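A.B. asks: Residue numbers (our numbering): 523 to 714. Using N, Cα and C, we set each Cβ at its ideal position, and we do this for glycine too. For clarity, every value in this text was computed on a predicted model and none was experimentally measured. Here it is, the structure in full.
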Amino acid sequence: MLKMRVAGVPIEWEESPFEWVAPSRFGVARRYRRGPLKEMRVQVELEPVGGDRTLLTYRVQAWPRGLLGAVSVPIQIGVISRRSFGRIFEHYAEEARLSKAAAEEDRGFRIAPQLGVGEGLSDVAASRLRTLSARLGDLGHDRGLIERLTKLIEEGDEMELVRIRPYALADEWRADRRATLNLLLHAAREGM
523 MLKMRVAGVP IEWEESPFEW VAPSRFGVAR RYRRGPLKEM RVQVELEPVG GDRTLLTYRV
583 QAWPRGLLGA VSVPIQIGVI SRRSFGRIFE HYAEEARLSK AAAEEDRGFR IAPQLGVGEG
643 LSDVAASRLR TLSARLGDLG HDRGLIERLT KLIEEGDEME LVRIRPYALA DEWRADRRAT
703 LNLLLHAARE GM
């Protein structure tokens, strides 16, 4: 059971495991117990369209609960989230284009993700991150490593965050590999 508050409204949901059909599709379903939604399904499909191009289709189906849901869901999902995800997808398309151009020029470089102002963590997510960071400190993890992990989550690119390699990260941070691995495992277990 996952919980959060948005604008003072309590939201609780169960999330099914992500379905991943490599390399063409992934999705998730969430069933809400509290809040303005009954259920939401998200599916992403990737379809080669010739050459080195791919068509990305992002579908969101949402079933509102009550008057609040009927009013807020079309605005939040149909307008606000649609715009945000559109910017993110355009950003990744540009990164892919630049990476391809760099590879063709044989100039290997890494493109640093550039999130626009206001596209970081929401207040709710930042508060949750602080709470979870404190919990990791209470479990006895190195506070310096917790601060680095917190900064990585706050500033990191989602595509990089889903591929964290604990030992490579420890080496980059010049930290103990075992301590870094244990921190990441506990962070995942705590829901970070």
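1. In angstroms, rounded to a whole number, what distance separates the CA positions of L683 and H613?
2. Within 10 angstroms of its Cβ, does P586 collect 16 or more other Cβ (buried), or is it exposed?
3. Can you give me the Cβ contacts of R552 inside the same chain, cut-off strictly under 6 angstroms, excluding the 5 residues immediately before and after it?
4. Taking just the CA atoms, how far does G608 sit from L578?
5. Which term fits V595, buried or exposed, when burial requires 16 or more other beta carbons within 10 angstroms of its beta carbon?
6. Measuring CB to CB, does L667 end up less than 8 angstroms from A701?
7. Does R629 pass the burial test, meaning 16 or more other C-beta atoms within 10 Å, or should it be called exposed?
8. What three-state label does DSSP hand I686 in the structure shown?
9. In terms of residues, what are the limits of the beta strand (DSSP E) holding L658?
10. Is it buried or exposed, Y689, if we count other Cβ atoms within 10 angstroms and call 16 or more buried?
C.D. replies: Quick look at the numbers:
1. Position 161 of the sequence shown, counted from the start, is the residue given in the question as residue 683. Position 91 of the sequence shown, counted from the start, is the residue given in the question as residue 613. Between the alpha carbons of L683 and H613 lies a distance of about 16 angstroms.
2. One-based indexing of the sequence shown puts residue 586 at position 64. Looking at its Cβ environment, which holds 16 or more other Cβ atoms inside 10 Å, P586 is buried.
3. Here residue 552 is taken as the residue at index 30 of the sequence shown, counted from 1. Residues W535, E537 and M562 of the same chain have their beta carbon placed closer than 6 angstroms to that of R552, with the five preceding and five following residues left out of the count.
4. Stepping through the sequence shown from its first residue, residue 578 is reached at position 56. Stepping through the sequence shown from its first residue, residue 608 is reached at position 86. CA-CA distance, L578 to G608, rounds to 11 angstroms.
5. On the sequence shown, position 73 is the one that residue 595 refers to. V595 counts as buried, since at least 16 other C-beta atoms from the protein chains shown sit within 10 angstroms of its C-beta.
6. If you number the sequence shown from 1, residue 667 lands on position 145. If you number the sequence shown from 1, residue 701 lands on position 179. Inclusion of L667 and A701 in the CB contact set at 8 angstroms is warranted, their separation being smaller than that value.
7. For the purposes of this step, residue 629 is taken as the residue at position 107 of the sequence shown. Its pLDDT being 47, under 50, R629 is placed unreliably by the model, and the measurement read from it follows with that caveat. Per the 10 Å Cβ criterion, exposed.
8. Counting from one through the sequence shown, the residue named residue 686 turns up at place 164. In this structure, DSSP gives I686 a state outside helix and strand, which the three-state scheme calls coil.
9. The residue given as residue 658 occupies position 136 in the sequence shown. From DSSP, L658 is part of no beta strand (DSSP E) but of the alpha helix (DSSP H) over D645 to D660.
10. On the sequence shown, residue 689 is found 167 positions in, with the first residue counted as 1. Y689 is exposed by the Cβ-count criterion.
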